[in-house]
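S.K.:
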Amino acid sequence: MDDYRLSQAATDQLFGRDRECEELDRLVREVRDGRSRVLVLRGESGIGKSALLEYLAARATGMQTVRVAGVEAESDFAYSALQSLCAPLLSHIDVLPPVQQEALRVAFGLSAGRPPEMLVVGLAVLGLFSEAASKSPLLALVDDAQWLDLMSLKILTFVGRRLDAESVALVFAERITEDDEAVTGLPELRVQGLPDEDARALLDLALPGPVDERVRDQIVAETGGNPLALLELPHGLSPAELAFGFGRPGSAPLATRMEEEFGRRVEALPADTRTLLLMAAVEPVGDGLLLGHAQRLLGIEPDAAAPAEAAGLLKLGTPVRFRHPLVRSAVWRGADAATLRAVHGALAEATDAERDP
């Protein structure tokens with residue numbers, strides 16, 4: 385599909401999200417004015433929740449920002465997500481009451497002791513947020529909340545129900561699934577598909593080549609205005625199919641089809657690049673230094689990640705991020721056992737136990 389490569393401009397704009405952006409702008413203003421706000425962005429996979437979190441982070445200039453993304457592979461590790469979110473704030477821990485300090489240290493694996501009471505951990509996190517925000521407003525972003533470990537989920541919803549006037553914003557993004565909602569009892573904003581006009585505009589910007597009008601309408605209807613689907617599903621169509629029409633719509637669920645499309649793009653990459661993607665999928669934080677060390681242990685060249693970035697699958701930076709959680713899922717599903725063992729071994733050897741216990 386060389387003639388139909390997605391336009392970078394299409395991924396840099398938020399189409400049809402005026403309502404959502406206005407709500408997020410209001411949230412930032414209120415937090416700057418001393419109030420606290422809690423919000424759950426809820427919608428299907430690919431609908432743009434992560435993009436809205438990025439918009440929010442960009443608008444929160446001058447505010448402290450901490451963030452975490454739920455990782456399915458860590459959902460059984462108690463407090464793992466909470467530890468990642470709170471780690472940048474632990475310089476304030478000494479201000480907390482001693483019992484709360486100890487509860488956090490035990491929960492985060494920094495001290496030995498009996499499992500702490502959840503109430504004490506919740507109050508400790510609330511105090512940590514409040515103390516950090518006393519210096520400057522705090523924005524805490526939680527992506528993929530449906531994959532948080534249960535203890536982190538309970539503590540963060542506990543905190544969310546008690547925030548009042550601390551200059552703290554706690555914003556979740558949760559994928560709608562067949563299971564019950566993970567984050568409950570908090571204000572939410574449903575993120576829907578794009579209106580048809582905006583969906584067509586995004587598709588036209590993404591595919592600068594000729595597209596048959598019926599094909600365009602079919603893609604818009606089939607995706608329900610899902611932005612990621614609009615950007616990714618055309619990868620599976622040839623220029624001829626785009627210009628002159630294609631067959632019946634796929635019957636598989638949209639998320640499944642998007643993951644399969646990402647999987648095909650992963651399979652087309654060089655072997656070392658696929659190994660690096662698996663390493664990034666296994667390592668939940670996106671720690672570039674750790675990934676680089678593990679990469680060297682496996683003898684992989686420094687520029688091996690470039691094809692994945694060029695393919696729009698990985699964003700190199702601090703931290704290293706996948707374009708979408710479905711890319712991570714596709715990498716996991718396509719991995720063989722031997723490569724997975726090698727990646728786990730390299731990450732274990734590269735980990736500094738004192739820095740990352």
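Take the position in the sequence shown, starting the count at 1, then add 384; the result is the number in our numbering.
Think of the CB as a built atom: it goes at the ideal place given N, C-alpha and C, for glycine as much as any other residue.
With H, G and I counted as helix, E and B as strand and the rest as coil, what does DSSP make of residue 399?
M.R.: Taking the first residue of the sequence shown as position 1, residue 399 is located at position 15. Three-state DSSP puts residue 399 in coil, outside helix and strand.
S.K.: How big is the Cα-Cα spacing for residue 609 and residue 405?
M.R.: Here residue 609 refers to the residue found at position 225 when the sequence shown is read from its first residue. Here residue 405 refers to the residue found at position 21 when the sequence shown is read from its first residue. Using only the alpha carbons, I get a separation of about 18 Å.
S.K.: In the DSSP output, which residue or residues are listed as bridge partners for residue 557?
M.R.: Within the sequence shown, the letter at position 173 stands for residue 557. According to DSSP, which records beta bridges pairwise, residue 557 is partnered with 425.
S.K.: From 528, 586, 487 and 614, pick the residue whose C-alpha is nearest to that of residue 512; which is it?
M.R.: Looking up residue 512 in the sequence shown gives position 128. Ranking 528, 586, 487 and 614 by Cα distance to residue 512 puts 487 first.
S.K.: State the CB to CB distance for the pair residue 670 and residue 704, rounded to an integer number of angstroms; the pair is presumed to be in contact (CB under 8 Å).
M.R.: Stepping through the sequence shown from its first residue, residue 670 is reached at position 286. Stepping through the sequence shown from its first residue, residue 704 is reached at position 320. Yes, they are in contact, since the Cβ atoms of residue 670 and residue 704 sit about 4 Å apart, within 8 Å.
S.K.: So, with DSSP's three-state summary, where would you put residue 478?
M.R.: Position 94 of the sequence shown holds residue 478. In the structure shown, residue 478 sits in a helix (DSSP, three-state: H, G or I).
S.K.: Grab me the residues of residue 729's own chain with a C-beta within less than 7 Å of its C-beta, minus the 5 sequence neighbours each way, in chain order.
M.R.: Mapped onto the sequence shown, residue 729 falls at position 345. Result list for residue 729: empty, nothing under 7 Å.
S.K.: Nearest to residue 718 by CA position, among 707, 599, 647 and 500, is which residue?
M.R.: Within the sequence shown, numbered from 1, the residue matching residue 718 stands at position 334. Comparing Cα-Cα distances from residue 718 to each of 707, 599, 647 and 500, the minimum goes to 647.
S.K.: Quick one: grab the DSSP three-state call for residue 737.
M.R.: Counting from 1 along the sequence shown, the entry for residue 737 is found at position 353. The predicted model places residue 737 with a pLDDT of 43, which falls under 50 and marks its position as unreliable; any figure quoted below should be read in that light. In the structure shown, residue 737 sits in coil (DSSP, three-state: anything other than H, G, I, E or B).
S.K.: Count the other C-beta atoms from every protein chain shown that fall within 10 angstroms of the C-beta of residue 673, then say buried if there are 16 or more, exposed otherwise.
M.R.: Within the sequence shown, numbered from 1, the residue matching residue 673 stands at position 289. The residue in question, residue 673, is exposed, as its Cβ has fewer than 16 Cβ neighbours within 10 Å.
S.K.: Leaving out five residues on either side along the sequence, give the residues of the same chain with a beta carbon under 7 Å from the beta carbon of residue 574.
M.R.: Indexing the sequence shown from 1 puts residue 574 at position 190. So the list reads 426 and 427, once near-sequence residues are dropped.
S.K.: Determine the closest residue to residue 590 out of 607, 576 and 616, with distance taken between C-alpha atoms.
M.R.: Here the question's residue 590 lines up with position 206 in the sequence shown. The shortest Cα separation from residue 590 among 607, 576 and 616 belongs to 616.
S.K.: What number of angstroms, rounded off, separates the C-alpha of residue 401 from the C-alpha of residue 612?
M.R.: Your numbering for residue 401 matches position 17 in the sequence shown. Your numbering for residue 612 matches position 228 in the sequence shown. Going from the Cα of residue 401 to the Cα of residue 612 covers about 14 Å.
S.K.: State the DSSP-derived secondary structure class of residue 724, mapped to helix, strand or coil.
M.R.: Translated into positions along the sequence shown, residue 724 becomes position 340. The answer is helix: DSSP assigns residue 724 an H, G or I state.
S.K.: Across which residues does DSSP place residue 552 in a beta bridge pair?
M.R.: Start at 1 with the first residue of the sequence shown, and residue 552 comes out as number 168. DSSP, once it has assigned bridges, lists 522 as partnering residue 552.
S.K.: If you draw a straight line from the alpha carbon of residue 516 to that of residue 688, how long is it in whole angstroms?
M.R.: Stepping through the sequence shown from its first residue, residue 516 is reached at position 132. Stepping through the sequence shown from its first residue, residue 688 is reached at position 304. Between residue 516 and residue 688, the C-alpha separation is close to 39 Å.
S.K.: Taking only runs that begin and end inside the segment 655-720, name each unbroken alpha helix (DSSP H) of 4 or more residues, in chain order.
M.R.: The qualifying runs are 655-666, 672-681, 690-694 and 709-718.
S.K.: Ignoring anything shorter than 3 residues, give me the beta strand (DSSP E) runs that lie fully in the segment 424-459, in order along the chain.
M.R.: Qualifying beta strand (DSSP E) stretches, in chain order: 448-453.
S.K.: Per DSSP, which one or two residues make a beta bridge with residue 329?
M.R.: The requested residue 329 does not occur in the structure, where the chain is confined to residues 385 to 741.
S.K.: Could you check the C-alpha separation between residue 559 and residue 452 for me, to the nearest Å?
M.R.: Taking the sequence shown and counting its residues from 1, the one referred to as residue 559 is at position 175. Taking the sequence shown and counting its residues from 1, the one referred to as residue 452 is at position 68. Cα-Cα distance, rounded: 15 Å.
S.K.: So what's residue 579 in DSSP terms, helix, strand or just coil?
M.R.: The residue you call residue 579 lines up with position 195 of the sequence shown. Correct three-state label for residue 579: coil.
S.K.: Please work out which residues of its chain come closer than 7 Å, Cβ to Cβ, to residue 497, disregarding the five sequence neighbours upstream and downstream, and give them in chain order.
M.R.: For the purposes of this step, residue 497 is taken as residue 113 along the sequence shown, with counting starting at 1. Taken in chain order, the residues that qualify are 486 and 490.
S.K.: What first and last residue would you give for the alpha helix (DSSP H) that runs through residue 600?
M.R.: As a position in the sequence shown, residue 600 is number 216, starting the count at 1. Note, residue 600: alpha helix (DSSP H), 597-607.
S.K.: Where DSSP assigns a beta bridge to residue 527, which residues make up the other side?
M.R.: For the purposes of this step, residue 527 is taken as residue 143 along the sequence shown, with counting starting at 1. Residue 527 pairs with 453.
S.K.: Can you check which of these residues, 572, 569, 600 and 576, is closest to residue 584 by C-alpha distance?
M.R.: Reading the sequence shown from its first residue, position 200 is the one you call residue 584. Cα-wise, what sits closest to residue 584 is 600.
S.K.: Return yes when the Cβ of residue 554 is within less than 8 Å of the Cβ of residue 441, no when it is not.
M.R.: Residue numbering aside, residue 441 sits at position 57 when the sequence shown is read from its first letter. Residue numbering aside, residue 554 sits at position 170 when the sequence shown is read from its first letter. Cβ distance not < 8 Å, so residue 441 and residue 554 don't count as in contact.
S.K.: Indicate whether residue 697 and residue 650 have their beta-carbon atoms separated by less than 8 Å.
M.R.: Working through the sequence shown from its first residue, we reach residue 697 at position 313. Working through the sequence shown from its first residue, we reach residue 650 at position 266. The answer is yes: Cβ separation under 8 Å.
S.K.: Quick check: what's the CA-CA separation for residue 772 versus residue 595?
M.R.: A query on residue 772 cannot be resolved here, the shown segment of the chain reaching from 385 to 741 and no further.
S.K.: Determine whether the beta carbon atoms of residue 587 and residue 526 lie at a separation below 8 Å.
M.R.: As a working note, residue 587 is residue 203 in the sequence shown. As a working note, residue 526 is residue 142 in the sequence shown. Going by C-beta atoms, residue 587 is not nearer than 8 Å to residue 526.
S.K.: Confirm, please, whether the CB-CB distance from residue 439 to residue 334 is below 8 Å.
M.R.: Absent from the structure is residue 334, since the part of the chain shown begins at 385 and ends at 741.
S.K.: Is residue 461 helix, strand or coil by DSSP?
M.R.: As a working note, residue 461 is residue 77 in the sequence shown. Coil at residue 461, not helix or strand.
S.K.: Measuring straight from C-alpha to C-alpha, what distance separates residue 716 and residue 665?
M.R.: To locate residue 716, count along the sequence shown from 1; it is residue 332. To locate residue 665, count along the sequence shown from 1; it is residue 281. The straight-line gap from Cα to Cα measures roughly 7 Å.
S.K.: Tell me where the alpha helix (DSSP H) around residue 515 begins and ends.
M.R.: Here residue 515 refers to the residue found at position 131 of the sequence shown. It spans 502-517 - the alpha helix (DSSP H) in which residue 515 sits, taken as one unbroken run.
S.K.: Return the first residue and the last residue of the alpha helix (DSSP H) that residue 494 is part of.
M.R.: Translated into positions along the sequence shown, residue 494 becomes position 110. Looking at the DSSP string, residue 494 is not in any alpha helix (DSSP H), and its letter there is neither H nor E.
S.K.: Measuring straight from C-alpha to C-alpha, what distance separates residue 361 and residue 726?
M.R.: Missing from the structure shown is residue 361; the chain here goes from 385 to 741 and no further.
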